[in-house]
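Every number in the numbering used here is 261 more than the matching position in the sequence shown, counting from 1.
All C-beta atoms, glycine included, are put in the ideal place defined by N, C-alpha and C.
Only a predicted model underlies this, so the values are computations on that prediction, with no experimental measurement involved.
Worksheet: one structure, shown below.
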Amino acid sequence: MADYSRILLAVDLTEDSEPVSNRAARLATLSAAELHIVHVIEPLSLAYGGDVPMDLSTVQDQIHEQARSHLEEFARGLGIPLERQHLIFGRPESEIQRTAEAIEADVIVVGSHGRHGLALLLGSTANGVLHGATCDVLAVRVGQSA
Ligand code: AMP
262 MADYSRILLA VDLTEDSEPV SNRAARLATL SAAELHIVHV IEPLSLAYGG DVPMDLSTVQ
322 DQIHEQARSH LEEFARGLGI PLERQHLIFG RPESEIQRTA EAIEADVIVV GSHGRHGLAL
382 LLGSTANGVL HGATCDVLAV RVGQSA
């Protein structure tokens with residue numbers, strides 16, 4: 262099997278991003294692959310059902326700026342240059358897939374919680390990315406699995 266040549270690391274910028282990115286960085290080194298990183302900002306109108314009785318644009322701008330600097334800092338730690346950092350608005354599952362297609366990634370690396378009960382029924386970003394992905398998906402186990 263050929264090595265991967267372009268890897269897309271998806272981060273939610275929580276503490277779980279650390280083990281997921283370590284795995285992606287290692288895979289990139291072993292495959293001598295180009296490592297890209299994506300973070301998706303969910304629009305507040307999506308998170309709150311689009312029915313909020315106030316102008317959220319200022320809040321949304323602040324969230325965007327905060328996410329940008331957080332992503333830049335995180336990517337710098339991994340040695341990922343600016344042009345391989347992708348900050349996108351939308352639904353994480355579909356935007357991660359879309360970014361992977363746009364950059365022609367051959368593998369997406371995401372974190373995956375050992376879910377059970379209601380959380381399992383509701384699904385996860387990792388599941389959503391896997392369904393419909395046109396390339397490989399590596400789900401790195403994070404958090405408590407019990
Ligand atoms: P979840 O199961 O929804 O908590 O998410 C698990 C993994 O999905 C995270 O470790 C990330 O790899 C990815 N992910 C979740 N939300 C985002 C987001 N907003 N932007 C990019 N990746 C995300």
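Between S373 and the set I298, T360, A387, A366, the nearest pair of CA atoms involves A387.
In this chain, H392 is not harboured by any alpha helix (DSSP H), its DSSP state being neither H nor E. Not one heavy atom of ligand 1 is found less than 6 Å from the C-beta of D397. Secondary structure within the stretch 279-359: the beta strand (DSSP E) runs of 3 or more consecutive residues, fully enclosed, are 295-302, 346-350 (chain order).
Proximity to V299 across D277, M315, L269, D322 peaks at L269, based on C-alpha coordinates. In this structure the stretch 360-368 lies against the stretch 389-406, because at least three pairs of beta carbons, one per stretch, are closer than 8 Å. Note on geometry: alpha-carbon atoms of P342 and M315 lie some 37 Å from one another. According to DSSP, I364 shares a beta bridge with no other residue. Collapsing the DSSP output to three states places V272 in coil.
With contact defined as three or more Cβ pairs closer than 8 Å, the stretch 316-332 and the stretch 284-297 are not in contact. Bridge partners of G372 according to DSSP: V401.
For the 7 Å CB-CB criterion, I369 and V398 form a contact. The beta-carbon separation of H331 and L274, rounded to 5 Å, stays under the 8 Å limit for a contact. Within the same chain, Cβ atoms closer than 7 Å to the Cβ of D367 are found at Y265, S266, R267, C396, D397, the five residues on either side in sequence being excluded.
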